[in-house]
Amino acid sequence: MALPNTTTGPSLLLRLPTEIRLEIYQHCSTFALLQIASTSSLLHSEVNEYPALIRASYGFRSLKTDGDDDKEWKGLEIKHVRQLPDEQEELLWNAQRLITCEKCHSTVHHNPIVAESSAACTVLFYKCTCGWTRKVYFDVGEESVLHDCEEEDCGCFNCWMNGKGSPMAMFESLRSEGFDLRQFVNSLGLGAGLGL
């Protein structure tokens, strides 16, 4: 059976005047701009034509490999996404963390419960129902393009774990002030489930 012959016109976004699209882009996060730029070659060119707009978007991460001026701009990449503004974008981000099983060809999501991180890399574990498994490694250490030692709030995993915002530093600070994590977890009624 042949597929029906349907032609789709330009998207609703492309039907808008360029000035209105640029106004819309000013209210988008870096991740949203990346999604828009990935939908068509015209939108890809248009979004990347305005690096200052991208750099001003919520969640933008400057990379040490990026030039300081617009002439050296190479284009928006997933590595430029530093933060996500809301739960909807987090769901979309996590939905893309999937691969195809090499054994049965079904789609497999990573298991965040068994993901590992260190100062050198992050490892995502994938396990298919057929038994196939895979580890995917991501470079996140000081040698990573995501690390920028000149930026006060770098945001790479290494700086986050060793900086003021790190959970380890936070727990050490709370512990020195007499905070008892075990008592707190038990007060929430979660201690039995965690074996505390």
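Numbering (this note's numbering), first residue to last: 108 to 303.
Ideal Cβ placement from N, Cα and C applies to all residues, glycine included.
Beta-carbon gap between residue i and residue j smaller than 9 Å
| i | j | result |
| --- | --- | --- |
| residue 208 | residue 180 | no |
| residue 140 | residue 128 | no |
| residue 138 | residue 198 | no |
| residue 190 | residue 166 | yes |
Below-9 Å beta-carbon distance, residue i vs any chain C residue
| i | result |
| --- | --- |
| residue 152 | Of the protein chains in this structure there is only one, and it is not chain C. |
Residue i burial status per 10 Å Cβ neighbour count (16 or more: buried)
| i | result |
| --- | --- |
| residue 226 | For residue 226, the pLDDT reaches just 47, beneath the cut-off of 50, and the residue's location in the model is therefore unreliable, leaving the point undetermined. |
| residue 271 | Residue placement at residue 271 is poorly supported in this model, since its pLDDT is 46, which falls under 50; the coordinates are not used for a value here. |
| residue 122 | exposed |
| residue 187 | buried |
| residue 154 | buried |
| residue 158 | buried |
Residues of its chain near residue i, where Cβ-Cβ distance is below 6 Å and the 5 sequence neighbours each way are ignored
| i | result |
| --- | --- |
| residue 160 | 132 |
| residue 211 | 237 |
Contacting residues, own chain, Cβ-Cβ under 7 Å from residue i (five flanking each side not counted)
| i | result |
| --- | --- |
| residue 274 | The predicted position of residue 274 is uncertain, since its pLDDT is 49 and thus under 50; no value can be drawn from it. |
Nonlocal neighbours in the same chain, by C-beta distance under 8 Å from residue i, ignoring five residues either side
| i | result |
| --- | --- |
| residue 163 | 133 |
| residue 235 | 208, 210, 211, 213 and 215 |
Beta-carbon separation (whole angstroms), residue i vs residue j, contact threshold 8 Å
| i | j | result |
| --- | --- | --- |
| residue 136 | residue 184 | Wrong, their Cβ atoms sit about 15 Å apart, outside the cutoff. |
Residues that DSSP places opposite residue i in a beta bridge
| i | result |
| --- | --- |
| residue 242 | 232 |
| residue 138 | Looking at the DSSP assignment, residue 138 forms no beta bridge with any residue, so it has no partner. |
| residue 206 | 215 |
Check: residue i C-beta below 8 Å from any heavy atom of the ligand ADP
| i | result |
| --- | --- |
| residue 157 | By its list of ligands, the structure shown contains no ligand whatsoever, and the ligand ADP lies outside what it can speak to. |
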